[in-house]
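A.B. asks: Position one of the sequence shown corresponds to residue -19 (my numbering), numbered consecutively onward.
Glycine is no exception: its CB is placed at the ideal position from the N, C-alpha and C atoms.
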Amino acid sequence: MKLRKLYEGKAKIVYETEEPDKVILEFKDTATAFDGVKKEEIKGKGSLNAEITSLIFEILERKGIKTHFIKKLSEREILVWKAERFPVEVVVRNFSAGSFSKRYGIKEGTPLKEPLVEFFMKSDELHDPMVCKNHIKVLGLAPVELLPEMEKTALKVNEILKDLFSKKGILLVDFKLEFGRLPDGSLAIVDEITPDSMRLWDKSTGEKLDKDRFRFDLGDLLEGYKKVLSKLVG
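Shown next as structure tokens:
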């Protein structure tokens, strides 16, 4: 049963349940970009993201990747383990895009020689600055001893998702993960894995199927997300 609201973010609301070690994530219809500067309500976005993240978490769990996902409850709600979340975003890149292209002057779409893992401090106010392992240690963002496991898990997730999407005709350009400790003390992927947190391009046309459609006015957001979902279930 959904009880008191614990937290509301840009894309989700977290509710407590009758079980103290479990919470409900409700996906909102709000689309945001540029640290919340651009914002719009897009009816249906929440239900699409809830379905996509549920499918992906289920796939990862079957492949032996620990996540906070328990089950999908309704059109826009999932039940998850309550986790101690680390304010660190772990980004895996397969192609140059977004901030990476801007930082290093590499043309968007350029394949990288190997998957690249980057760490960012999760902070809209500071525009999610890139951090190294020493920054994470000094700032106390996450236990340093867990960083190798986080990186290893992120690369394993990359291989699973890259293969999954490739078979569906989609390029996995990059994506971000968040990690946390579950009630049993184990490290797990938390938050969501959706087109909000991935760059996904159609392999044959190059069409962008992710939140860049909203960021840069490249087309209807829902159309892109629906294409991702239909390919995942197809």
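What three-state label does DSSP hand V208 in the structure shown?
C.D. replies: helix
A.B. asks: I'd like to know whether the C-beta atoms of K156 and E69 end up nearer to each other than 7 Å.
C.D. replies: yes
A.B. asks: Can you list, in chain order, the residues of its chain whose CB lies under 7 Å from that of A222, leaving out five sequence neighbours each side?
C.D. replies: Because the chain in this structure spans residues -19 to 214, residue 222 falls outside the shown range and cannot be described.
A.B. asks: If you draw a straight line from the alpha carbon of D197 to that of K191, how long is it in whole angstroms?
C.D. replies: Computed Cα separation, rounded: 10 Å.
A.B. asks: In the DSSP output, what is L152 paired with across the bridge?
C.D. replies: L180
A.B. asks: Note down, in chain order, each residue of its chain lying with its Cβ closer than 6 Å to the Cβ of E131, except the 5 sequence neighbours on either side.
C.D. replies: Closer than 6 Å at the Cβ level, and outside the excluded window around E131, lie V97.
A.B. asks: Taking DSSP as the reference, what is the three-state secondary structure of A63?
C.D. replies: Annotated three-state conformation of A63 is coil, per DSSP.
A.B. asks: If we call anything under 7 Å between Cβ atoms a contact, is P140 one with K43?
C.D. replies: This sequence places Ile at residue 140; Pro is not what is there. Cβ atoms of I140 and K43: closer than 7 Å.
A.B. asks: What's the C-alpha gap between F194 and N114?
C.D. replies: Going by C-alpha positions, F194 is about 34 Å away from N114.
A.B. asks: Hey, could you find the ends of the beta strand (DSSP E) A168 is sitting in?
C.D. replies: Looking at the DSSP string, the run of the beta strand (DSSP E) that includes A168 is L167 to V170.
A.B. asks: D9: which of E38, G214, L201 and V208 sits nearest, CA to CA?
C.D. replies: Of the listed residues, the one whose Cα sits closest to D9 is L201.
A.B. asks: Could you give the first and the last residue of the continuous alpha helix (DSSP H) run that contains K82?
C.D. replies: Per DSSP, K82 is one residue of the alpha helix (DSSP H) stretching across G78 to Y84.
A.B. asks: Would you call the CB atoms of K(-10) and G16 closer than 7 Å?
C.D. replies: yes
A.B. asks: Is the CB-CB distance between Y205 and L28 below 7 Å?
C.D. replies: yes
A.B. asks: Would you call E88 buried or exposed, if buried means 16 or more other Cβ atoms sit within 10 Å of its Cβ?
C.D. replies: exposed
A.B. asks: Since F49 sits in a beta bridge, which residues does DSSP pair it with?
C.D. replies: V60
A.B. asks: Give the secondary structure of V17 by DSSP, where H, G and I count as helix, E and B as strand, and everything else as coil.
C.D. replies: coil
A.B. asks: With a CB to CB cut of under 8 Å and the five nearest residues on each side skipped, what residues in its chain are close to V124?
C.D. replies: K113, I116 and K117
A.B. asks: When you compare only the Cα positions, how much space is there between W65 and E158?
C.D. replies: Correcting the residue identity first, residue 65 is Arg in this sequence and not Trp. Their Cα atoms are separated by approximately 8 Å.
A.B. asks: Span of the beta strand (DSSP E) holding L5?
C.D. replies: K2 to F7
A.B. asks: By alpha-carbon positions, which one of K148, L144, L92 and P175 ends up nearest to G26?
C.D. replies: P175
A.B. asks: Does K113 come out as helix, strand or coil in the three-state DSSP assignment?
C.D. replies: In this structure, K113 counts as helix in the three-state DSSP scheme.
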